[in-house]
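Trainee: Encoded as structure tokens, here's the structure I'll be asking about.
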Amino acid sequence: MDYYRGVRSLIMEGGIFRKVSLRGKNYQLKLKNPRLSELDWIFEYSPEDVYLRECAFISVCLYSVNGDRVKAKHRGDIALHIFENFASVLVRRLSIYCSVLLSDAREAHKFLEAFSYEYESRALWKTWRANAELGFKAVEQDTLNDTQLSWVSINQMEDEKNKHRVMWEQALLVASSMNPKGAQEVRKTWDKNDSHDEEYREKVKELARKGVVDTRSEREALQRKKDNYDDLREEMKRWVAGEEDEHDRIVREYKEFMYQQIEDENNRLSEMQERAEQYRKGVHDLHDIRNNQALTSTPVRAYSDEEINSLSSVRVYKESNEHQEKYEHVKQRYIMAKETSGNLKLDNGQIVPHSQPSESLMDQISKRVPKIP
Amino acid sequence: MNLSKLRALFDPLSKVGHTEKLVVVEGVEIKLKTLTSKEEADVQKALSSLREEENVSTAEFVDAFRRESLCRAIVEVGGERLTDPMLETGEVLENGVAVKVKREEAIAEIIKGFSRVLVTHLFQELALMSEVAEKKVTQSLPATEGKVEEERKELEGRLDALNKSKEMDSVSETTARVRQAAYSSALSEMG
Numbered sequence: 021m022d023y024y025r026g027v028r029s030l031i032m033e034g035g036i037f038r039k040v041s042l043r044g045k046n047y048q049l050k051l052k053n054p055r056l057s058e059l060d061w062i063f064e065y066s067p068e069d070v071y072l073r074e075c076a077f078i079s080v081c082l083y084s085v086n087g088d089r090v091k092a093k094h095r096g097d098i099a100l101h102i103f104e105n106f107a108s109v110l111v112r113r114l115s116i117y118c119s120v121l122l123s124d125a126r127e128a129h130k131f132l133e134a135f136s137y138e139y140e141s142r143a144l145w146k147t148w149r150a151n152a153e154l155g156f157k158a159v160e161q162d163t164l165n166d167t168q169l170s171w172v173s174i175n176q177m178e179d180e181k182n183k184h185r186v187m188w189e190q191a192l193l194v195a196s197s198m199n200p201k202g203a204q205e206v207r208k209t210w211d212k213n214d215s216h217d218e219e220y221r222e223k224v225k226e227l228a229r230k231g232v233v234d235t236r237s238e239r240e241a242l243q244r245k246k247d248n249y250d251d252l253r254e255e256m257k258r259w260v261a262g263e264e265d266e267h268d269r270i271v272r273e274y275k276e277f278m279y280q281q282i283e284d285e286n287n288r289l290s291e292m293q294e295r296a297e298q299y300r301k302g303v304h305d306l307h308d309i310r311n312n313q314a315l316t317s318t319p320v321r322a323y324s325d326e327e328i329n330s331l332s333s334v335r336v337y338k339e340s341n342e343h344q345e346k347y348e349h350v351k352q353r354y355i356m357a358k359e360t361s362g363n364l365k366l367d368n369g370q371i372v373p374h375s376q377p378s379e380s381l382m383d384q385i386s387k388r389v390p391k392i393p
Numbered sequence: 068m069n070l071s072k073l074r075a076l077f078d079p080l081s082k083v084g085h086t087e088k089l090v091v092v093e094g095v096e097i098k099l100k101t102l103t104s105k106e107e108a109d110v111q112k113a114l115s116s117l118r119e120e121e122n123v124s125t126a127e128f129v130d131a132f133r134r135e136s137l138c139r140a141i142v143e144v145g146g147e148r149l150t151d152p153m154l155e156t157g158e159v160l161e162n163g164v165a166v167k168v169k170r171e172e173a174i175a176e177i178i179k180g181f182s183r184v185l186v187t188h189l190f191q192e193l194a195l196m197s198e199v200a201e202k203k204v205t206q207s208l209p210a211t212e213g214k215v216e217e218e219r220k221e222l223e224g225r226l227d228a229l230n231k232s233k234e235m236d237s238v239s240e241t242t243a244r245v246r247q248a249a250y251s252s253a254l255s256e257m258g
């Protein structure tokens with residue numbers, strides 16, 4: 021299953037959509053999950069009337085009717101003058117569709133962090149940047165939605181980090197030519213941090229591909245929910261007082277979740293920013309290592325031309341002719357070699373060695389003359 | 068784009084989910100229609116003032132709910148279509164202007180004089196119509212396959228409506244039993 025489908029749609033299409041078709045009629049409504057600012061508008065539009073708020077909720081989710089885009093300025097009219105004549109069962113049904121879109125968007129947004137670590141996300145970001153550089157719009161929207169804004173921030177921060185990383189690598193290269201030991205030490209620390217970061221990202225991606233996300237806000241919410249009687253009491257009071265209905269509750273919870281998510285992402289961005297800052301600082305440190313004579317293990321000194329010549333290893337290569345060598349070998353061994361008798365001879369019908377057998381080791385030892393050193 | 072263009076765009080949808088039914092009670096034809104979302108909201112608003120009162124019993128609340136729903140659902144009586152939002156009371160002011168009241172208020176006043184059994188019967192007819200309307204909406208707007216969450220919410224809504232209806236019925240039955248018992252003891256006391 022593709023768990024990134026929702027977040028991909030939020031980024032590439034600008035939202036999660038739901039088509040509502042009238043059976044047997046050439047009629048189609050397209051609904052889209054609303055942005056946080058649009059949800060705020062609902063409560064501004066109808067601070068008191070729950071019914072109007074529900075209508076406003078559906079109207080902000082309306083994207084198009086038979087392909088005709090519904091403009092934001094008409095939403096009030098639609099909520100006030102058009103939905104009032106709709107059958108209550110139909111309005112209820114549409115508001116269910118809209119609230120499901122909200123929960124879909126909420127689920128999809130949870131995968132943003134993991135998706136932004138994927139290669140696909142970076143490739144998509146490059147396409148967006150290329151479009152922007154050529155003066156084209158990456159998406160057909162007037163404003164970016166909340167997920168897109170977070171995604172753009174993450175990618176911009178990643179770009180900045182990469183830029184600093186390149187600068188840092190260049191500085192490290194220069195520093196390593198002057199002070200290899202110092203530079204190596206610095207690199208070790210940074211490589212360790214980088215590998216931790218990489219491990220974390222891999223783990224997040226691996227879990228997300230299995231459909232598991234464990235966001236910081238969720239953990240905290242779970243922690244809070246365990247023993248928070250006050251929240252439940254507050255919810256009960258709101259329900260009894262008729263201050264909010266089911267859809268208000270869904271909208272409120274969605275907004276709380278999204279604000280929490282945005283806060284989480286801001287924290288993550290701050291961490292990335294801090295890391296980029298450290299890289300920037302690292303570049304300066306490397307300059308210091310390079311320039312500081314006290315820190316350098318091999319101080320910088322000037323060499324004369326003669327010294328450079330003596331330091332440079334001039335290799336003398338042996339000239340060889342492999343073909344000639346082989347030819348000489350064959351000639352000496354097999355063509356020019358003199359014929360000799362073998363090492364064996366016949367003696368009274370017995371094959372015996374031609375020469376006298378060599379002395380045994382024991383004989384050699386027995387013939388040794390002791391010497392005083 | 069103006070409002071009439073917008074209305075035209077939404078026209079096919081505004082027809083979905085509306086049903087009407089003719090109910091004959093003692094030879095009187097009463098036509099009921101399902102409520103629009105605005106009318107349902109008006110019912111809730113009308114009840115909100117009642118909800119704040121401390122001395123209102125559950126039975127009174129249920130009666131008011133049925134009355135407020137029916138006064139908006141009745142659209143035709145004895146073949147006479149009640150399309151006008153204002154109805155003349157028959158009184159005329161000194162300046163010759165006829166006194167008018169809102170159609171809902173007029174019908175609500177009439178319903179107050181109906182027996183509880185009749186009101187309950189009419190309201191049950193209205194509840195049945197809502198079920199039919201819901202089925203029609205489901206047929207017109209088929210749910211997308213795999214949208215478990217939508218189906219779950221729809222069923223939850225349906226369950227909620229059924230529970231409310233059951234609660235109201237139980238309140239009516241309790242009231243009827245209490246009254247019957249009270250009448251019985253009163254009658255027995257009277258001999």
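Quick note, the sequences are listed as chains A and B, same order.
Residues in the first sequence are numbered from 21 upward in steps of one, following the working numbering.
Residues in the second sequence are numbered from 68 upward in steps of one, following the working numbering.
Even glycine gets a Cβ: it sits at the ideal position worked out from N, Cα and C.
A quick note: this is a predicted structure, and the numbers were derived from the prediction, not measured.
Chain B beta carbons: is any one of them nearer than 8 Å to that of lysine 246 of chain A?
Mentor: In the first sequence, the residue the question calls residue 246 of chain A occupies position 226. The pLDDT assigned to lysine 246 of chain A is 46, lower than 50, so where the model puts this residue is not dependable; a value taken from the coordinates is nonetheless given after this. Chain B contact via Cβ: absent.
Trainee: Please list, in chain order, all residues of the same chain as glutamate 155 of chain B whose beta carbon is under 6 Å from its beta carbon, the five residues on each side excluded.
Mentor: Translated into positions along the second sequence, residue 155 of chain B becomes position 88. So the list reads Ala165 and Lys167, once near-sequence residues are dropped.
Trainee: Following the continuous beta strand (DSSP E) through leucine 117 of chain B, name the residue where it begins and the one where it ends.
Mentor: Here residue 117 of chain B refers to the residue found at position 50 when the second sequence is read from its first residue. Leucine 117 of chain B -> not in any beta strand (DSSP E); alpha helix (DSSP H) instead, spanning 104-119.
Trainee: Count the other CB atoms, across all protein chains shown, that sit within 10 Å of the CB of aspartate 247 of chain A; report buried if there are 16 or more and exposed otherwise.
Mentor: Your numbering for residue 247 of chain A matches position 227 in the first sequence. Interpretation of aspartate 247 of chain A is limited by its pLDDT of 48, a score under 50 that renders its predicted location unreliable; the figure taken from the coordinates is listed afterwards. The residue in question, aspartate 247 of chain A, is exposed, as its Cβ has fewer than 16 Cβ neighbours within 10 Å.
Trainee: Rounded to the nearest angstrom, what separates phenylalanine 106 of chain A and leucine 80 of chain B at their Cα positions?
Mentor: As a position in the first sequence, residue 106 of chain A is number 86, starting the count at 1. As a position in the second sequence, residue 80 of chain B is number 13, starting the count at 1. The alpha-carbon atoms of phenylalanine 106 of chain A and leucine 80 of chain B are separated by roughly 7 Å.
Trainee: Using a threshold of 8 Å, state whether the C-beta atoms of proline 209 of chain B and arginine 43 of chain A are closer than that.
Mentor: Working through the second sequence from its first residue, we reach residue 209 of chain B at position 142. Working through the first sequence from its first residue, we reach residue 43 of chain A at position 23. In contact: proline 209 of chain B and arginine 43 of chain A (Cβ atoms closer than 8 Å).
Trainee: Could you check whether the Cβ of valine 224 of chain A sits closer than 8 Å to any Cβ belonging to chain B?
Mentor: Sequence index remark: in the first sequence, residue 224 of chain A carries index 204 (1-based). No, because no Cβ of chain B sits closer than 8 Å to the Cβ of valine 224 of chain A.
Trainee: Under 9 Å, CB to CB, which of the residues in the segment 111-135 of chain B have a partner in chain A?
Mentor: Result list: Gln111, Lys112, Ser115 and Arg118.
Trainee: If we cut at 8 Å on Cβ distances, does lysine 212 of chain A have a partner in chain B?
Mentor: The residue given as residue 212 of chain A occupies position 192 in the first sequence. Lysine 212 of chain A does not count as touching chain B.
Trainee: Identify the continuous alpha helix (DSSP H) that holds glutamate 127 of chain A and give its terminal residues.
Mentor: Here residue 127 of chain A corresponds to residue number 107 of the first sequence, with the count starting at 1. First-last of the alpha helix (DSSP H) with glutamate 127 of chain A: 108-129.
Trainee: Taking any Cβ of chain B, which residues in the segment 96-119 of chain A have a Cβ under 8 Å from it, in chain order?
Mentor: Cβ contacts with chain B come from Asp97, Ile98, His101, Ile102, Phe103, Glu104, Asn105, Phe106, Ala107, Ser108, Val109, Leu110, Val111, Arg112, Arg113, Ile116, Tyr117 and Ser119.
Trainee: Should serine 115 of chain B be labelled buried (16 or more other beta-carbon atoms within 10 Å of its own) or exposed?
Mentor: Here residue 115 of chain B refers to the residue found at position 48 when the second sequence is read from its first residue. Exposed: under 16 other Cβ atoms inside 10 Å.
Trainee: Using 10 angstroms around the beta-carbon of glutamine 313 of chain A, count the other beta-carbons present and answer buried if the total reaches 16, otherwise exposed.
Mentor: To locate residue 313 of chain A, count along the first sequence from 1; it is residue 293. Legend: pLDDT at glutamine 313 of chain A = 48, less than 50; position of this residue unreliable, no value from coordinates given.
Trainee: Using a Cβ-Cβ distance cut-off of 8 Å, determine whether serine 71 of chain B contacts chain A.
Mentor: Counted from its first residue, the second sequence places residue 71 of chain B at position 4. So no, serine 71 of chain B is outside the interface.
Trainee: Quick one: give me the first and last residue of the beta strand (DSSP E) that tyrosine 83 of chain A is part of.
Mentor: As a first step, residue 83 of chain A must be located in the first sequence, where it is residue number 63. Unbroken beta strand (DSSP E) run through tyrosine 83 of chain A: 82-85.
Trainee: Across the segment 67-84 of chain A and the segment 218-230 of chain A, are there enough close Cβ pairs to call them in contact, namely three or more that are closer than 8 Å?
Mentor: Flag = no, the segment 67-84 of chain A and the segment 218-230 of chain A do not touch.
Trainee: Below 7 Å CB to CB, which residues in the same chain sit around lysine 50 of chain A once its five sequence neighbours on both sides are set aside?
Mentor: For this step, residue 50 of chain A is matched to residue 30 along the first sequence. Result list for lysine 50 of chain A: Phe37, Lys39, Tyr83 and Ser84, in chain order.
Trainee: As an exercise, report each continuous alpha helix (DSSP H) stretch of at least 4 residues that is fully enclosed by the segment 155-231 of chain B, in chain order.
Mentor: Runs of the alpha helix (DSSP H) inside the segment 155-231 of chain B: 170-178 and 183-207.
Trainee: Taking just the CA atoms, how far does threonine 86 of chain B sit from lysine 446 of chain A?
Mentor: Within the shown structure, residues of chain A are numbered from 21 to 393, placing residue 446 of chain A beyond reach of any answer.
Trainee: Are the C-beta of leucine 51 of chain A and some C-beta of chain E separated by less than 8 Å?
Mentor: No chain E is part of this structure, whose protein chains are labelled A and B.
Trainee: Express the C-alpha separation of arginine 126 of chain A and valine 91 of chain B in angstroms, rounding to a whole number.
Mentor: Position 24 of the second sequence holds residue 91 of chain B. Position 106 of the first sequence holds residue 126 of chain A. Between valine 91 of chain B and arginine 126 of chain A, the C-alpha separation is close to 51 Å.
Trainee: Is the CB of alanine 24 of chain A under 8 Å away from at least one CB in chain B?
Mentor: Reading the first sequence from its first residue, position 4 is the one you call residue 24 of chain A. Here residue 24 of chain A turns out to be tyrosine, not alanine, going by the sequence shown. Not one chain B Cβ lies under 8 Å of tyrosine 24 of chain A.
Trainee: Short of 8 Å in beta carbon distance, which residues of its chain neighbour isoleucine 270 of chain A, apart from the five on each side in sequence? Order them along the chain.
Mentor: Residue numbering aside, residue 270 of chain A sits at position 250 when the first sequence is read from its first letter. Closer than 8 Å at Cβ, skipping near neighbours: Ser119, Leu122 and Ser123.
Trainee: Beta-carbon of valine 271 of chain A versus every beta-carbon of chain B: anything under 8 Å?
Mentor: Here residue 271 of chain A refers to the residue found at position 251 of the first sequence. No, because no Cβ of chain B sits closer than 8 Å to the Cβ of valine 271 of chain A.
Trainee: State the start and end residues of the unbroken alpha helix (DSSP H) segment that holds aspartate 367 of chain A.
Mentor: Locating residue 367 of chain A in the first sequence gives position 347, where the first residue counts as 1. Premise fails: aspartate 367 of chain A lies in the beta strand (DSSP E), 364-367, not in any alpha helix (DSSP H).
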